[in-house]
Amino acid sequence: MCPELPIAMLACTRLGAPHTIVFGGFSAEAVSGRLNDMGAEVLITQDEGWRKGNKVPLKANCDDAMELSPTVRSCLVVRRTGGAVNMKEGRDVYADELLAGLSDDPASCPCEPMDSEDLLYLLYTSGTTAKPKGIVHTTAGYLVGVATTHHYIFDVKPDSVFWCAADIGWVTGHSYIVYGPLCNGTTGVIYEGVPNHPNEERWWEIIERYKVDILYTAPTTIRTHMKWGPQFAQKHDLSSLRLLGTVGEPINPEAWM
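Residue numbering for the sequence shown follows the numbering used here, starting at 6 and increasing by one per position.
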């Protein structure tokens, strides 16, 4: 979950090109199923990702997916680890090499006007009980919805630092890491990794360092921190934190308190 992911989402939005984000842990078959259903023509990925200090072969997984996805004609690869990956001539290109020849002038890529009901993005259901379904999110209604809920539910201030500790691959990440905060001009935190790497203090270090005042997470994650014990949080100055939001399931009284 590198910065190039929200950048790519916003680039698609500027061009009027609907996007679908696929969770990085999915198999090649799961990725290809979504690509085929949407009729995707361009796939953006990384050479590799990081998880707990280990490299995750994202491009290799996408290579397998593209073998099953005849509509994909181009693959843009972000150099994340610098690891060697297969690059198919005529299809694959490194993002930095492509961008090197482009102008930085915004006028060279004008924003495409869109109707309010035009498709902004598709996001697929998990597929745990049936074939994944592409959920349609339209341009105006979705953006107004996430901007409004982000502003009022989280009591966002002009100087707020907002951290939604979700994965952008899910709708919470789309809405409250990318579109909601940016529609409101809010400073946001993006974190690539898990809560306990390199240690169980990681979240509290981030909150202290960036003066996060709003944290949005899941009750499951709160219970995990409770299991690890309070000593990790107690090492850090968390005085900036004024609001905690939870999502995904009802929160139990013990975690709430």
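Glycine included, every Cβ here is placed at the ideal spot set by N, Cα and C. Computed from a prediction, not measured in an experiment: that's the story for all the values here.
Report task. Give the range of the beta strand (DSSP E) segment to which residue 56 is assigned. Result -> From DSSP, the beta strand (DSSP E) with residue 56 extends over 54 to 56.
Query - For residue 61, the residue or residues it bridges with in DSSP - result: 54.
Query raised in the report: Candidates 13, 110, 146 and 43: which alpha carbon is nearest residue 122's?
Result: For the set 13, 110, 146 and 43, the Cα lying nearest the Cα of residue 122 is the one of 146.
**Report entry** DSSP state of residue 261 mapped onto helix, strand, coil
**Finding:** In the structure shown, the three-state DSSP call for residue 261 is helix.
Query raised in the report: What number of angstroms, rounded off, separates the C-alpha of residue 191 from the C-alpha of residue 219?
Result: For residue 191 and residue 219, the distance between alpha carbons rounds to 11 Å.
Query raised in the report: How would you write the range of the alpha helix (DSSP H) that residue 97 sits in, first residue to last?
Result: DSSP places residue 97 outside any alpha helix (DSSP H); the residue lies instead in the beta strand (DSSP E), whose first and last residues are 97 to 99.
Query raised in the report: Where do the N-terminal and C-terminal ends of the beta strand (DSSP E) with residue 142 fall, by residue?
Result: Here the beta strand (DSSP E) through residue 142 covers 139 to 143.
**Report entry** Complete beta strand (DSSP E) runs within the region 67 to 95 (minimum length 3 residues, chain order)
**Finding:** 79 to 83, all fully within the region 67 to 95.
Query raised in the report: Which of helix, strand or coil does DSSP assign to residue 116?
Result: Here residue 116 sits in coil by DSSP.
Report task. Could you check which residue in 57, 196 and 136 has the C-alpha nearest to that of residue 214? Result -> It is 196.
Requested in this report: Over the uninterrupted beta strand (DSSP E) stretch that includes residue 251, give me the two end residues.
Outcome: First-last of the beta strand (DSSP E) with residue 251: 248 to 251.
Query raised in the report: Does the distance from the C-beta atom of residue 77 to that of residue 100 stay below 8 Å?
Result: Contact: no.
Query - Nearest to residue 52 (by Cα), restricted to the options 202, 92 and 161 - result: Minimum Cα distance to residue 52 is reached at 92.
Report task. May I ask you to report which of helix, strand or coil DSSP gives residue 219? Result -> Three-state result, residue 219: strand.
Query raised in the report: Is the Cβ-Cβ distance between residue 47 and residue 81 less than 8 Å?
Result: For residue 47 and residue 81, yes; Cβs fall inside 8 Å.
Report task. May I have the straight-line CA-CA distance separating residue 230 from residue 86, to the nearest angstrom? Result -> As the crow flies, the alpha-carbon of residue 230 is around 29 Å from that of residue 86.
Requested in this report: Could you check if residue 240 is buried or exposed, using at least 16 other CB atoms within 10 Å of its CB as the buried criterion?
Outcome: Residue 240 sits exposed, since fewer than 16 C-beta atoms from the chains shown fall within 10 Å of its C-beta.
Query - Exposure of residue 38, with buried meaning 16 or more beta-carbon neighbours within 10 Å - result: Around the beta-carbon of residue 38, 16 or more other beta-carbon atoms lie within 10 Å, marking it buried.
Query - 7 Å Cβ shell around residue 27 - same chain, five flanking residues per side excluded - result: Counting only Cβ-Cβ distances below 7 Å, and skipping sequence neighbours, we find 36, 39 and 174.
Requested in this report: Tell me, please, whether the region 101 to 114 touches the region 63 to 75 by the rule of three or more beta-carbon pairs shorter than 8 Å.
Outcome: Contact fails: fewer than three Cβ-Cβ distances are below 8 Å.
Query - Per-residue burial, residue 165 [other beta carbons within 10 Å of its own, 16 or more giving buried] - result: With 16 or more Cβ atoms within 10 Å of its Cβ, residue 165 is classed as buried.
Query - For residue 170 and residue 110, the rounded distance between their alpha carbons - result: Their backbone Cα atoms lie some 33 Å apart in a straight line.
Query - Assumed close pair residue 204, residue 156 - CB separation to whole angstroms, cut-off 8 Å - result: The C-beta distance from residue 204 to residue 156 rounds to 34 Å, too long to fall under 8 Å, and the pair is not in contact.
Report task. Have a look at residue 18 and residue 187 and give me their C-alpha separation to the nearest angstrom. Result -> Note on geometry: alpha-carbon atoms of residue 18 and residue 187 lie some 13 Å from one another.
Query - Residue span of the beta strand (DSSP E) that contains residue 7, given as start and end - result: Under the DSSP assignment, residue 7 falls outside any beta strand (DSSP E); it carries neither an H nor an E label.
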